[in-house]
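4 protein chains.
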Amino acid sequence: MAKGTQNKNLDEGNFDFGIIKSETSTDYAQLDLFHRAASPIMLLAQCFAIMPLTGIRRASPRHVHFRFKSVPMIVTVIFMMASSVLTLSMLKFLLNIGVTAKNFVGQVFFTCVQCACILFIDLARRWPPLIRYWTRLELIFTKPPYEVLKRSLSQRVRQPAFILIALSLVEHGLYLSSAIVSYKQRVYYCTENHNATMGVSFDDYIKLNYDYVFILLPYTRFFGIYVLVVNGTCTFIWNYMDLFIMMISRGLAYRFEQISKRICRLEHEDRVPETTFMEIREHYVRMCELLERVDDALSSIILLSCANNLYFVCCQLLNIFNKLRWPINYIYFWYSMLYLVGRTACVFLTAATINDESKSALSVLRRVSSKNWCVEVERLIFQMSTQTVALSGKKFYFLTRRLLFGMAGTIVTYELVLLQFDEPNRRKGLLPLCA
Amino acid sequence: MAKGTQNKNLDEGNFDFGIIKSETSTDYAQLDLFHRAASPIMLLAQCFAIMPLTGIRRASPRHVHFRFKSVPMIVTVIFMMASSVLTLSMLKFLLNIGVTAKNFVGQVFFTCVQCACILFIDLARRWPPLIRYWTRLELIFTKPPYEVLKRSLSQRVRQPAFILIALSLVEHGLYLSSAIVSYKQRVYYCTENHNATMGVSFDDYIKLNYDYVFILLPYTRFFGIYVLVVNGTCTFIWNYMDLFIMMISRGLAYRFEQISKRICRLEHEDRVPETTFMEIREHYVRMCELLERVDDALSSIILLSCANNLYFVCCQLLNIFNKLRWPINYIYFWYSMLYLVGRTACVFLTAATINDESKSALSVLRRVSSKNWCVEVERLIFQMSTQTVALSGKKFYFLTRRLLFGMAGTIVTYELVLLQFDEPNRRKGLLPLCA
Amino acid sequence: MAKGTQNKNLDEGNFDFGIIKSETSTDYAQLDLFHRAASPIMLLAQCFAIMPLTGIRRASPRHVHFRFKSVPMIVTVIFMMASSVLTLSMLKFLLNIGVTAKNFVGQVFFTCVQCACILFIDLARRWPPLIRYWTRLELIFTKPPYEVLKRSLSQRVRQPAFILIALSLVEHGLYLSSAIVSYKQRVYYCTENHNATMGVSFDDYIKLNYDYVFILLPYTRFFGIYVLVVNGTCTFIWNYMDLFIMMISRGLAYRFEQISKRICRLEHEDRVPETTFMEIREHYVRMCELLERVDDALSSIILLSCANNLYFVCCQLLNIFNKLRWPINYIYFWYSMLYLVGRTACVFLTAATINDESKSALSVLRRVSSKNWCVEVERLIFQMSTQTVALSGKKFYFLTRRLLFGMAGTIVTYELVLLQFDEPNRRKGLLPLCA
Amino acid sequence: MAKGTQNKNLDEGNFDFGIIKSETSTDYAQLDLFHRAASPIMLLAQCFAIMPLTGIRRASPRHVHFRFKSVPMIVTVIFMMASSVLTLSMLKFLLNIGVTAKNFVGQVFFTCVQCACILFIDLARRWPPLIRYWTRLELIFTKPPYEVLKRSLSQRVRQPAFILIALSLVEHGLYLSSAIVSYKQRVYYCTENHNATMGVSFDDYIKLNYDYVFILLPYTRFFGIYVLVVNGTCTFIWNYMDLFIMMISRGLAYRFEQISKRICRLEHEDRVPETTFMEIREHYVRMCELLERVDDALSSIILLSCANNLYFVCCQLLNIFNKLRWPINYIYFWYSMLYLVGRTACVFLTAATINDESKSALSVLRRVSSKNWCVEVERLIFQMSTQTVALSGKKFYFLTRRLLFGMAGTIVTYELVLLQFDEPNRRKGLLPLCA
């Protein structure tokens, strides 16, 4: 059952790079590895207190470490404390005025971000051995007979990151614009129509929009800026959860695609030795193992991300027919909703590509002629047919295209039922502006 | 892994018919091919701006081409622009009066048709290589040992087309009758009871029924006719989506049935050589590949068609207890609802026959005696048992009988819940006729 | 692929018993066959116009025939016409007063019975070849190595029949009692309290309870009795649908159990020749084929029965908190509801035993030692693991235990939602008795 | 098909330990067996009238017997009678005041406990042969090559028991505190504000809180204590159902984990003889058979436990926004709800570990190299891939992680719909305290 010595240390997972001297010569900076592809994004995330690791900038994953006493960890802890203040003050605020389905959204948002933060710390703890194992396995795929695919791994991993970050910046900008414009318009309107003399000021704006914070803290300009900064960081983390799942998915799907492509190339060969299939199957099984490990470390975040996305999508869809006061509110609402639905769909679809790619060679394998048929091909077909190769939410569900269909169906049915009966509430219209 | 030279060019997909001189002698007009069977219907559809291809009339698929500069493409573009006007004017109309679940139906209808039009252009672009690949594969099934089935492919493909077109014409006729009779009755009634002096005229009828158009366009008799024509064309396209899926399904299911029949005939033979099973399995795998390709090109349309059908079925079912004013309204409503439910069920069931036929030989293969048992039979059984051979909606779901059951169950539950609570609304009765 | 000559004529399905002279000596009356077990029940059903066949009383299925010109067929046609009158008069009645969810129940009942009647005629047409094929196959299982199970086939088939008929008689009796007592109490109460002078008479009772009939027919005593008789017959047919499915299921499950038992006995043998497994697999495959045929003939009735049962269960469950006037109404309502739920569960569970039994030998086969392992065992295990051996509703769903769980879940959720919101209606109380 | 003589008597299930003299020397007290691990908990349960068996204290399962004439059985019967009084008096009470969804909870609680009691008697009847079979099979796993896992079986089985009992004691304590504080506060408040002169007394407290009992029984101090004792015992039984399922699950999952661990150790061996895999597969199949037997005996209790848990979780979740009067009520409500949801999740998750563990060796088996590949490994992989190894609710559903996901999804959707519409009821506030 031993799989030869050359891969032996792979099995140990947490192996030490230092021991194998011959490996030190590998120039990681030249290779198209997941660690290299993801590191800029992960560095950026560290500025927002996510995944406190050291040595991410270095080319070799050997230098990646998790230490409780390190700069990123301190940043994370500070942010955790800062955001706890907001979470607690909102909780106190809600308990005062009474919780309803509508005002619960903010609480969920902050709690989600706090949980994400903790889960990312846990992930950071498991990351160094995982990324070393991953990188070692990836070395196989950087050499022939595996080819580099049309768009390189780096491009594939970074592309969704850049797009998502850009879109989320727009979203946050629109959120701020919407809040500021609403505030200004209100002041102008009330001054004119009700003879109230209110000036437009930064302090007033903060006090009005983040009133819940200042039942726990006294208002000062410093705390005003502090609230804005923490809020922005929370939004980043809230987006990064999904982004990280997408990057991981791209990284894994790329390797499965390489295996598929190699199998496809065999199709035109007349005589394929059994050892080739043996090797392919071994690599396929190794990739499945890697996926298993990644899933083990990541699935809490997946579970949180899914629950979070479904909750916010449902909330937004329910408000779809609500009347809003200013055009900028409509623009923000619709952009935000489309962004949210799009992001959710993207996470699911990107994660589902792992499953798609893992099965894509099946049609070629089914065409293997009698001449080339062997036990290894049979085993590979059986495994591909019966195993669900996909990221999962704690094994409760697997992220496949079918799941997305089921969830979409449930959401649509649920929304249709609620929209039908929510009509009386929607007709009520807007509350008076200057109360 | 090579499957012999005689089928090699099949694998290239977009192969050029011209190179293989020996093939030019094939008299396509005499053969029972899908291209021949579907071409009259596709020609008709081109008159309604769908799938702008040239050379469809020709017997050989070699002459089918997609060109941006061609007559059908011009027709399509003109229609797209013409219908955009209606779509936009309805959108503007809705934004003015406020969107509700009830008045949203028209917007969905026009948007669906526009999307269908674009998807069919995309399909047209992929069609020439696809139909050539398909035809080349079909040549295998026109020769022994494959037999012509009881009803030929042409009959099977064209039959649902003729029936559906006839029924949709009746539907559209009833729709017009219902609208005209309602208009006339209203004029008579209001003239009599309210001393209003209104004359019955074509212009008035158009203005009243398509009021949304004329907030964007000025009313002239030309625009009146234009609205009617575009409306009619839209209805055709709306029906053609389903029709096309049915034709494709029939075409594919026919070939799977031929394979099944061939396997069934083997049952009574004493000794079947392994090469026979090898050949059958190869043909089966090829058909699966064809299905994969067709599904790849068609599944956007399938997704649109399903969403569209489910939406309209739900809408119609919700109005089932509504009070209507004139008998012709009831006739139209019930015909229209039964037509819609029937069409939806037909599309699903016809598409599901592919899945049914692909598995139908399984019971015969299970009876293969030990004497004839070989790896090829085992592989064929395994593939038939584990692979879902069916058209899909972008791989989110597969069109099988079980899916239809699940969907029907969901719709029924949903309708039951809504009908139970919609009762107060339904009791309200009709609005005054002459307001 | 030939399976030897001794079973050849089995494959032809509609084979003629007369030709095989040697078979005529078989004493069918002595054998424990499904035809013999079910014939008394089927004879009884013929008195209620179901399955118009001739020769059912005869021991050999060779004498069973379907003829359009026969006594049972005449009975059926007369009943169909008689019940049509009731169906149509109820339809007219409903169109007059307006259809609601509550008064729709009667119409569904009559339409179901009419459909069942037609479906049973269609089944009768296919029955003679089916029962001959079935009987021929059953002869295998009446001889060693197959053993007679603890309770014979006849007992198993007839037992649910007797119980169901007895319970349905009680149900119908309670229905009549409930109606009569309500009528009498009402007359007494109204005479006393409102000084109305009403006498208790058979004619009045009929006119009041079956008022819908007499908008189409004039009231005479003859028509009164006619209504009672047709109503009773309809109730019988409504119950017989389920009963028939249960009898068929028992008949098929018995044979699968015999195969399982035979496999279980092999467990203690040291050395089992491959030919034994070959024979067992052949019989298993044959049983699957029989099931396929039976399912083909029966699945329309299954679909109707399921839809019918689910509809009535939902209706009854919704009325669970309704206030009723007299104790006998409560007794009838609760008996009727429990009877309905019990009957529905029984049909599903009995049908699911086929699926259970078909898989029950799997655990024994998995223990087959390496010594006895052969291709035949592998094939048998593969078939048992991957094939869904069960009766189906037109292949839309298979009657397995899991389906029952899913359906029960859906019904419970649906009922919970509805009960929650139906409370205001339920509080209204009873209408005045003498209006 | 015989599996050698050394395990032969295992197959007989109800074999007599006495006959095999050599076995009597086995020192059961030293071994880590399920019987030893569970017996203290089962002894405790017997004090609360559950599973009336004799000889549980003895080390060897040979001494475990079920006798109708025994002390535990008498305890059980007495409790059954005592609790019947409460059940019946509550039923009478409900019929008097009218059943609603809200006041139905108590009735469900008592009925559940009564059913559980009966099901545990039935289980006790089947327990002696089952535990003997189980113990005999476990002996295999106490010897090499099987290793003792990190935490021993006893620890694993007893740990959830201790935690659950502790938490349930807290729950019951809070329930009593909540009731007593509410009672006292009410008396103080009403005396002060309404000049009513009420004293705080044990008798009054009982009369008020268990009013339904005293419409059937006269109030005496004895009956007051009797009500408290029976109530406490009912609560224990209500918790024990879940506890017992968890213990069984842990016991079975432990053995599957041992098999997995053994397979994992093989991974590093160069050459594994086929006989090793043969032995492993045999043990795996035996464990599956044991699971089958346990499931057969236990699945009624599982079904009851699931239905019970889902009902109470739904009930509690619906009351989540209700207003309560005193802080202790909130503390009790929230503790009780979290405890209930946590317990339900724990039962499902613990039961699902059997399924998880049974598949966990699959990834190692997939890596078996060509050199070691043999029919036995193929069979083992096929069985692990296709068989659902899990406890079930009467085979209607299997307790796997996916089921939990499906159920959670259904509950959440259902709650969301109900909460949305229940808002008007929730706003009503509290009833006047001193009515």
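Protein chains in written order, with my numbering: chain X, 14 to 448; chain W, 14 to 448; chain E, 14 to 448; chain D, 14 to 448.
Even glycine gets a Cβ: it sits at the ideal position worked out from N, Cα and C.
Small disclaimer: the values here were computed from a predicted structure and weren't measured.
Below 8 Å between beta carbons: does that hold for residue 48/X and residue 65/X?
Here residue 48/X refers to the residue found at position 35 when the first sequence is read from its first residue. Here residue 65/X refers to the residue found at position 52 when the first sequence is read from its first residue. Against a cut-off of 8 Å, the Cβ pair of residue 65/X and residue 48/X comes out as no contact.
Distance, residue 273/W Cα to residue 407/E Cα
To locate residue 407/E, count along the third sequence from 1; it is residue 394. To locate residue 273/W, count along the second sequence from 1; it is residue 260. Each residue's Cα considered, the two are about 20 Å apart.
To be precise: take each residue of the region 387-415 of chain W, compare its Cβ to all Cβ atoms of chain X, and keep it if any distance is under 7 Å. Which residues remain?
388, 389, 396, 399, 408, 409, 410
Just to make sure I have the definition right: I need the residues of chain X whose C-beta is within less than 9 Å of the C-beta of residue 426/D. Which are they?
As a working mapping, residue 426/D is identified with position 413 in the fourth sequence. Those within 9 Å of residue 426/D in chain X are 423, 426, 427.
For a test of the three-state rule: what should DSSP assign to residue 411/D, helix, strand or coil?
Position 398 of the fourth sequence holds residue 411/D. Three-state result, residue 411/D: strand.
Any beta-carbon of chain X closer than 8 Å to the one on residue 103/W?
By 1-based counting over the second sequence, the position of residue 103/W is 90. No, residue 103/W lies away from the interface with chain X (no Cβ there is under 8 Å from its Cβ).
Tell me the start and end of each unbroken alpha helix (DSSP H) in the region 225-296 of chain X that is at least 4 residues and wholly inside, in chain order.
234-279
Between residue 261/W and residue 298/W, is the Cβ-Cβ spacing less than 8 Å?
Position 248 of the second sequence, counted from the start, is the residue given in the question as residue 261/W. Position 285 of the second sequence, counted from the start, is the residue given in the question as residue 298/W. No, the pair does not count as a contact, with Cβ atoms beyond the cut-off.
Is it true that the CB of residue 254/E sits closer than 8 Å to the CB of residue 318/E?
In the third sequence, counting from the first residue as 1, residue 318/E sits at position 305. In the third sequence, counting from the first residue as 1, residue 254/E sits at position 241. In this structure, residue 254/E lies closer than 8 Å to residue 318/E by Cβ.
Take residue 185/E and list the residues in its own chain whose beta-carbon comes closer than 6 Å to its own, dropping the five residues that flank it on each side.
Position 172 of the third sequence, counting from 1, holds the residue named residue 185/E. Excluding positions up to five away in sequence, the list reads 248.
Taking only three categories from DSSP, how would you classify residue 405/X?
Sequence index remark: in the first sequence, residue 405/X carries index 392 (1-based). It is a strand residue.
Contacts of residue 301/D in chain A (Cβ-Cβ under 8 Å):
Included in the structure are the protein chains X, W, E and D, with no chain A among them.
Partners in chain D for residue 291/X, counting only beta-carbon separations shorter than 7 Å
Taking the first sequence and counting its residues from 1, one reaches residue 291/X at position 278. Simply 383.
Apart from the five residues on each side of it in sequence, which residues of its chain come closer than 7 Å, Cβ to Cβ, to residue 213/E?
One-based indexing of the third sequence puts residue 213/E at position 200. Cβ neighbours of residue 213/E beyond the five flanking positions: 197, 200.
Kindly say whether residue 418/E, judged by its beta-carbon, lies nearer than 8 Å to any beta-carbon of chain D.
Position 405 of the third sequence, counted from the start, is the residue given in the question as residue 418/E. So yes, residue 418/E belongs to the interface.
Name the chain D residues whose beta carbon is nearer than 8 Å to that of residue 360/X?
For this step, residue 360/X is matched to residue 347 along the first sequence. Correct list: empty, because the minimum Cβ distance to chain D is about 18 Å.
Residues bridged to residue 67/X (per DSSP)
Your numbering for residue 67/X matches position 54 in the first sequence. DSSP lists 78/X as partners of residue 67/X.
Taking DSSP as the reference, what is the three-state secondary structure of residue 173/X?
Here residue 173/X corresponds to residue number 160 of the first sequence, with the count starting at 1. Helix.
Extent of the continuous alpha helix (DSSP H) run through residue 372/E
Position 359 of the third sequence, counted from the start, is the residue given in the question as residue 372/E. Unbroken alpha helix (DSSP H) run through residue 372/E: 340-372.
For a cutoff of 8 Å on Cβ pairs, would you count residue 430/E as touching chain D?
Here residue 430/E refers to the residue found at position 417 of the third sequence. Yes, its Cβ sits closer than 8 Å to a Cβ of chain D.
As assigned by DSSP and simplified to three states, the class of residue 333/W:
Sequence index remark: in the second sequence, residue 333/W carries index 320 (1-based). Note: residue 333/W maps to coil in three-state DSSP.
Got a sec, what are the start and stop residues for the alpha helix (DSSP H) residue 390/X sits in?
Mapped onto the first sequence, residue 390/X falls at position 377. Run containing residue 390/X: 388-399, per the alpha helix (DSSP H) assignment.
Does residue 151/E pass the burial test, meaning 16 or more other C-beta atoms within 10 Å, or should it be called exposed?
As a position in the third sequence, residue 151/E is number 138, starting the count at 1. Burial call: buried.
List the endpoints of the continuous alpha helix (DSSP H) containing residue 119/D.
The count along the fourth sequence starts at 1 and reaches residue 119/D at position 106. Run containing residue 119/D: 118-154, per the alpha helix (DSSP H) assignment.
Let me know if residue 137/W comes out buried or exposed under the rule of 16 or more other beta-carbons within 10 Å of its beta-carbon.
On the second sequence, position 124 is the one that residue 137/W refers to. By the neighbour-count rule (16 or more Cβ atoms within 10 Å), residue 137/W is buried.
Leaving out the 5 sequence neighbours to the left and right, which residues in its chain are closer than 6 Å to residue 465/E when beta-carbon positions are compared?
Chain E is shown from 14 up to 448; residue 465/E falls before or after that span and cannot be answered.
At 9 Å on the CB atoms, spell out the chain D contacts of residue 298/X, in chain order.
Locating residue 298/X in the first sequence gives position 285, where the first residue counts as 1. Ordered by position in chain D, the residues that pass the 9 Å Cβ test against residue 298/X are 376, 379, 380.
The region 121-129 of chain E / the region 232-242 of chain E touching (three or more Cβ pairs under 8 Å)
no
Could you tell me the boundaries of the alpha helix (DSSP H) in which residue 59/E lies?
Position 46 of the third sequence holds residue 59/E. Residues 47-60.
Using only CA atoms, which one of 419/E, 76/E, 78/E, 52/E lies nearest to residue 170/E?
Working through the third sequence from its first residue, we reach residue 170/E at position 157. For residue 170/E, the nearest C-alpha among the options comes from 52/E.
If I'm right that residue 371/D touches residue 397/D with Cβ under 8 Å, what's the distance once you round it to whole angstroms?
Residue numbering aside, residue 371/D sits at position 358 when the fourth sequence is read from its first letter. Residue numbering aside, residue 397/D sits at position 384 when the fourth sequence is read from its first letter. Confirmed, Cβ separation roughly 7 Å.
Using a cut-off of 8 Å between C-beta atoms, extract the partners of residue 305/W located in chain X.
Taking the first residue of the second sequence as 1, we reach residue 305/W at position 292. Within chain X, the residues near residue 305/W are 376.
Would you mind sorting residue 42/X into buried or exposed? The rule is 16 or more other CB atoms within 10 Å of its CB.
Numbered from 1 along the first sequence, position 29 holds the residue referred to as residue 42/X. Counting Cβ neighbours within 10 Å, residue 42/X comes out exposed, since fewer than 16 surround it.
How long is the line joining the alpha carbons of residue 215/E and residue 336/E, rounded to whole angstroms?
As a working mapping, residue 215/E is identified with position 202 in the third sequence. As a working mapping, residue 336/E is identified with position 323 in the third sequence. The straight-line gap from Cα to Cα measures roughly 27 Å.
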